[in-house]
Each structure stands twice: as structure tokens, then as C-alpha cells.
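Here the structure is laid out as C-alpha cells; the discussion comes afterwards.
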Amino acid sequence: MSADQTRYFLRFRLYHRVLHIMVIVSFLGLAVTGMSLKFADVEWARWLSWMLGGPFVARALHRFFALVTFLYFGLHLVWILRTMVKKGFRKTFWGRESMMPQPVDVVQMYRNVKHFLGLGPAPKFDRFTYWEKFDYFAVFWGVVIIGSTGLVLWFPILFAKFLPGIWINAAIIVHSDEALLATGFIFTIHFFNTHLRPEKFPMDKVIFTGRVTEEELKNERPLEYEHHVASGDLDKLETAEAKHWVYTAARVGGFIAVGIGIVLILLIISSLIFR
Amino acid sequence: MPIAGSRAGKRIPYLREIRKYLFASIIMIAATGAWALSGEAATCMACHAYASMAPVVDLGTMDASVHASFDCTTCHPGASKRPHDMSTVKADCATCHSGEQADYAKGVHGQATAQGDTQAATCTSCHGDAHGILPSTDPGSTVYHANLPRTCGQCHSKGKLPKSTDQNVNNAFDLYTDSIHGTATMKSGLLAAANCSDCHGSHDIRPKSDPASTINRANIPETCGKCHVDVLRDWKASSHAQAFMAGNDKAPVCTDCHVAHTVMPVDDPRNINALMFACSRCHKPEFGTYRDTFHGEVTEIGDLRTATCASCHGDHLVLPASDPRSPTSPQRLVSTCQKCHPEANVSFTEYRPHAAPMNGKQFPQLHAIWLFMTTLLVVVFSFFGLHTLLWLFHSLRTRKRAGKEDRDVR
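Chains as they are written, first to last, in this note's numbering: chain A, 19 to 293; chain B, 71 to 480.
Quick look at the structure:
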């Protein structure tokens, strides 16, 4: 395809792209430092811990990445607030542009599974698919749950001032298991759904470039495309192709991130099976 | 001289003996006169100063020795008859040292000698050249406190004893050298630090299987307690000692936690690890739950700057939490945690450092949380795992079909 014929539309603003890079960096940082402690009974984790400078350095790094997490979470809440002010409460938490799971998502999931089984046509997706919404809430609630329990473990004496000590034990279980859920989910399900499935392999760079081609928009999110055509604001979304260096950076950064994730999840799975 | 003599001996068989006796007779006649003037030693030295009249005695060493004031015939009564009968001239230390001889006869070395083992240590193996024996308080003595390990090490170090022997016996010197006792004794010259005989005795060294041995399990606490008086006092008050006195074979004595020859300083990382593993031999489930905590994971990684067993439970005076003297008792727990967490309060101490969330009977609340989390993980991964697999197969099938159509068109 030649560049002058292809039309590009904006899918993710710079704000969201930057936030997702913060998510990638902090999530990988937390996963690597956290797992080096959680799997202390396995050789690779001990090696990893000393590569990071020992368990106490790993702890300091873990807390640094936790701060990055709290920062992007705060920035995201600011964005929700901005959306509420600009579009109103209803449009923020319901409708085709909202991340909120809605009845249509259940219907689409049912139809999509039927489609996988060859029992029907593919459902027509809108701006956000049901699995993208699940990814989003996995991270949203993940941050709330892992973040809050993490703070208990970071400041146990402070929390013990108003919580019984057994809550520290509870925080350890929840923090650790939720972390296993988060890393397991992101490094397998999310990686497959967005990057590794045959249609997207080896990776979908949209989260870094922010742009999709007209063809992609039409095929993957027909409802969104039709909505913009009908309302006549498709042109407003049109944008120039991303710069060459952005593609290069996306490819390099994306491969590194996906690579780290896959190596880590393989180590985790093998340790869970063989230890 | 001996070389020339032996060559001469080949040609004229009796030349050596003839020369020897001629020479000896002249000397003896002269010496008999000299004896009246300058004492018995001079008489003996008339012969025993020369290599041809072995054994050669160096009067210099003899004069510096603990036996300097004795006449030769005190130890060699058979030597007053000349020429000597070799079977009667041999010195017998037991003439004076009958107590030591009796002890020696009871010990491993004496037993081996009695059974005909010519390699087993005798008096001179440890005390050195018979004529130069120094008092054990003399820094030059082979049995001086700081020298004894090297003396025992002549046999008890790598490759010296038959391979079948216990490595702890075989390599005792090598193991001891780097221990806290070994470095203190041999490098720093600390006379208070234990050397071989402080633990094993000297003449009456018995195998640890012998109930009368100083290193028999039953006697270990008292043996170590000779120096470690306060440790012995604490241990005797501990639940370990109570179980031990009640006849529980599994109750630990000193050497169950501290490895005898390689005993290390308390703050040596190898020692901290070794002590944890020592506790874990009996307290396995507790060690397992400890390893699940932050403290346990950090020490497992190999950084020992965090709490281990003894940090909370104390060391020698180990007591159950129900005993108010125990550092883990409700009365003392806050101050125990405060050793590292200065602001710890009562609620903080309700944290369970040995929690087992999988044990529903003991930890019902934690078990419920664990069960919920595990269910959540299983449900999410099963659902999306299946979803992903269906998607993968569908995509592969679709692409295969599309590829086939492409080829058909072409």
C-alpha cells in the first residue's frame, strides 16, 4: 500500500499513550522485583534478586515502581474527572465510548465464542471490545487491590495502629495471589489478545503510535466506523501517519516488554509446576 | 662414617663391630673414671653423643627439658648394665606417669596400641622427642595449648589416616583450623579458646559412642559448659534441656546446632544459615511457614540481615510462648518485635509469622481469603484460557482457509 492512499485515524491520545508506557514500565518493574522475592525458593529468582542488587535493593525498586503506579493511577482518575466535566456523568460511565461493561458486551462475548466455534458471524465491535474492557478492569482493580495491600506491607506498623495484625497476613495472601493473577493474565491472555494472535502477530503497535488505518478501523471496529460516518465526524479523527522513529521505538520497546513478560511467565509457570 | 662403615662391612664382615667395641671399651674405661667426677650423664654421653652409638642424645635439649634433673638410668634403669640389653634399656614413662599410662590404656590410642596398631599414637607421638620433653606450659612444647592442634593434626588431617575413618576424625585439624576455636587458639594464641584436649581430654580420649567419653551426647553440655558457663546455665533452663533430661533423644544438645570442629562465630553468614537449618531439622512445618514470610524469603535469597529463628525465639534459653520468660510470650512479644521494629505495638504483634493459610482449622479467616483468591485465579484463567484457545484455533483455521483460496485464485 502506498502512504498517500492510506488514511489514518487517531485511536489513542498522547496522554493515554504515555500512561500506557508508564503502565508497561512500572508493571514489568513490579513483576520482576516482586517475583524475585515470591519465588525465593527457586534458583532463578535468587539469581534475579542478586542481579538487582539483593532483596533490599529489589524492595526499594519495587516501591519506586509502586509510586509510578500510583502516579499513573492518579493521572487516570484525573482523566475520568475531565471526561465527566466535558461529557457529563452519563457518557463517562455508560454508552459506546465508556469503559464500563454493559449488556452489549455480554451479548458480544457470547456471539464471539459462537463465532470461534464456527456457529455464527463475528460480532461487530465498537470502540472498546469486551476483552479490552476486561483488561482495563483487571488493571484498574488490580491497582486498587495490589496497591492497597502493598501499602499495608510497606507501612505495617502504621496500619496496625487501626487494623488487627492478622490483616497483615491477609494483605500478604491477597497481594501475592493478585500479583500472580495480574502477571499471569497480562503475560498470557493480554499478550495473546492484543499482540500474539495470528491477525496481529508479532505485535499491535497502536498503543505506541496511537493511530489505526481506515481498513483496520472498518474491519476491527465496524460499529465505531459506522458511528463516525453517520455522524459525519470521521474527518475530525483523521491524522497523519506516525513518524518513522515512533514505529521503530514501538517495535524495539514492544519486543523488549513482551519478551520480558514471556520469559517471566515461563519461569513462574515452570516453578509452580516443578517446585 | 656410616656409609664408609657399611662399605667396609661388605669386605670384612666384622670390621664394623670390632671397631665399635674397641672404641667403646676405650671410652668406657675413660668414662668410668670421669663418672666419679662429673656424674652419670657424662658417662652415657661418652657413647651416645656419636651417631655410631645410636640413639644419639643431645644433652643441650635434655638440659632444657622438664626431665633435666634426672639421671639417664631413672628412665633407662636397664642401661646401668653394660653393654645394654636392648629389651630392658627401653624407657617406660609409666614408671613415673602411672596415672597417665592408666588413662592412656583406656583411651582410643592406648586400645589401638594394645591391639598391635603400630601407627597409633604413643607418649612421644604427642610429647615429642623423649629427651627434649618440655612442660606443657612452655610455648615450645608440642602439647602447649596453642600448639596441640598442630600436634594432633600430624595424624588427624587430610590424607594421613586410613580412608575408612570418620571424616570428622580424619580431617579434624582441617575442619578445626578455620573454626572460631581454631582461629582463636592458633592465630590469636588465646589460651582460653578450646583446643583438642579441652573437648576430648588428653590421655583418656574415648570414642563418642563410649558413655564415659567427654564427647558422648550425654556429656556434651557439661564439656562445652566448662568454658561456656552462661550458655550452659541458659540451656539447662530451656525446654530443649528439659526434654533432654527427660530422656528425649531428639532434644538438641550443643553439637546438634553447632557443628563441633567447624564451630563458627555467631554473626558468620554460614553460621546463621547453619543454625536455621539446625532448627528446621526438628521444626520442619514452622520452618516452611517462616520461608513463606518476607523474613524467610530474604534469608532464602541469601541476605541474612533479617530475622531468623533465634531473632524471635532466643537462642539457648528456648521456651514455649506460654512461658512468660519466652521472647515470644504475650508479655514479651512487643519488646521482641521492637528489637527491629522500634515502633511495634500490640496489634502489630498479632501478625502471625508462622501462618499457614492452607490450614483451615488453625487459620479459618486466612484460609477463607486464600480459598477466595485461589478460586478467583482458577476461574479467570480457566475462562480466558479457554477463550484464548478457541480464538487461536479459529484464527489459524481462518488463515489456512484464506491461504488456500488465495492459491486457488492464482
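All C-beta atoms, glycine included, are put in the ideal place defined by N, C-alpha and C.
Since we're looking at a predicted model, the values are computed, not measured.
Margin query: For Val448 (chain B), list the residues DSSP reports as bridge partners.
Written below: Val448 (chain B) pairs with nothing; no bridge assigned.
Margin query: Let me make sure I understand the geometry here. Which of A:His262, A:Ile163, A:Phe180 has the alpha-carbon closest to that of Ala189 (chain A)?
Written below: A:Ile163
Notebook entry, point to check: When every heavy atom of the ligand HEM is checked, does at least one fall within less than 7 Å of the C-beta of Ala311 (chain B)?
Noted result: Among the components modelled here there is no ligand, and therefore nothing to report on the ligand HEM.
Item checked: Rounded separation between Pro141 (chain A) and Glu356 (chain B) - CA only -> 55 Å
Checklist line | Residues of its chain near Gly473 (chain B), where Cβ-Cβ distance is below 7 Å and the 5 sequence neighbours each way are ignored | finding: none
Notebook entry, point to check: Based on Cα-Cα distance, which residue from B:Val178, B:Thr194, B:Ala311 lies nearest to Lys278 (chain B)?
Noted result: B:Val178
Notebook entry, point to check: Rounded C-beta distance between Gly202 (chain B) and Ser135 (chain B)? I'm assuming under 8 Å.
Noted result: 5 Å
Next item on the list: Using the Cα positions of Asp373 (chain B) and Lys228 (chain B), report the straight-line distance between them to the nearest angstrom.
Entry: 33 Å
Next item on the list: Would you check if the segment 190–198 of chain A and the segment 160–175 of chain A touch, i.e. whether three or more CB-CB distances between them fall below 8 Å?
Entry: yes
Notebook entry, point to check: Between the segment 348–380 of chain B and chain A, which residues of the former have CB atoms less than 9 Å from a CB of the latter, in chain order?
Noted result: Arg361, Asp362, Thr363, Phe364, Gly366, Glu367, Val368, Thr369, Glu370, Ile371, Gly372, Asp373, Arg375, Thr376
Note to self: Tell me the rounded alpha-carbon separation between Met132 (chain B) and Met346 (chain B).
What the structure shows: 53 Å
Next item on the list: Pick helix, strand or coil for Ile280 (chain A), following the three-state DSSP scheme.
Entry: helix
Item checked: Rounded separation between Leu181 (chain A) and Glu413 (chain B) - CA only -> 15 Å
Note to self: Taking 8 Å as the threshold (beta carbon to beta carbon), is Asn240 (chain B) in contact with chain A?
What the structure shows: no
Margin query: Less than 8 Å between CB atoms is the rule here; does Arg64 (chain A) satisfy it with respect to chain B?
Written below: yes
Notebook entry, point to check: Between Phe454 (chain B) and Ala76 (chain A), what straight-line distance do the alpha-carbon atoms span, to the nearest angstrom?
Noted result: 31 Å
Next item on the list: Give, in chain order, every unbroken run of the alpha helix (DSSP H) that is at least 4 residues long and sits entirely within the segment 328–406 of chain B.
Entry: 339–352, 354–361, 364–371, 379–383
Check: Residues of chain A with a CB under 8 Å from the CB of Thr458 (chain B): which are they?
Finding: Thr206, Ile207, Phe210, Asn211
Note to self: With a threshold of 8 Å, are at least 3 pairs of Cβ atoms found where one atom belongs to the segment 264–277 of chain B and the other to the segment 303–321 of chain B?
What the structure shows: no
Checklist line | N- and C-terminal bounds of the beta strand (DSSP E) containing Val230 (chain A) | finding: 229–231
Item checked: Environment of Asp268 (chain B) [buried if 16+ CB atoms lie within 10 Å] -> buried
Note to self: Pop quiz: Cys297 (chain B) and Ala262 (chain B) are said to be a contact at Cβ under 8 Å. What is the actual Cβ separation, rounded to whole angstroms?
What the structure shows: 7 Å
Item checked: Meets three-Cβ-pair contact criterion under 8 Å: the segment 24–32 of chain A and the segment 223–234 of chain A -> yes
Next item on the list: Go to Tyr148 (chain A), then tell me how far its alpha helix (DSSP H) extends in each direction, as first and last residue.
Entry: 148–172
Margin query: Any beta carbon from chain A within less than 8 Å of Ile439 (chain B)'s own beta carbon?
Written below: yes
Notebook entry, point to check: Got a sec: is the Cβ-Cβ distance from Ser249 (chain A) to anything in chain B below 8 Å?
Noted result: no
Next item on the list: Please determine if the segment 266–281 of chain A and the segment 230–237 of chain A are in contact, where contact requires at least 3 C-beta pairs separated by less than 8 Å.
Entry: no
Notebook entry, point to check: Comparing alpha-carbon positions, which option in B:Ile96, B:Thr113, B:Phe364 lies nearest Asp141 (chain B)?
Noted result: B:Thr113
Item checked: Per DSSP, the bridge partner or partners of Glu256 (chain A) -> A:Phe27
Item checked: is_contact[Asn237 (chain A), chain B] using C-beta, thresh 8 Å -> no
Check: To the nearest whole angstrom, what separates the beta carbons of Ala426 (chain B) and Thr359 (chain B), a pair I think is in contact under 8 Å?
Finding: 5 Å
Next item on the list: If I'm right that Val323 (chain B) touches Ala344 (chain B) with Cβ under 8 Å, what's the distance once you round it to whole angstroms?
Entry: So it is not a contact: roughly 16 Å between Cβ atoms.
Check: At a cut of 8 Å, does the segment 206–216 of chain A reach the segment 436–448 of chain B through at least three beta carbon pairs?
Finding: no
Check: For Ala15 (chain B) versus Gly259 (chain B), is the C-beta distance shorter than 8 Å?
Finding: Limits of chain B in this structure are 71 at one end and 480 at the other, which puts residue 15 (chain B) out of reach.
Check: Buried or exposed: which applies to Cys352 (chain B), given that a residue is buried once 16 or more other Cβ atoms fall within 10 Å of its Cβ?
Finding: exposed
Next item on the list: Could you have a look at Pro121 (chain A) and say whether DSSP puts it in helix, strand or coil?
Entry: helix
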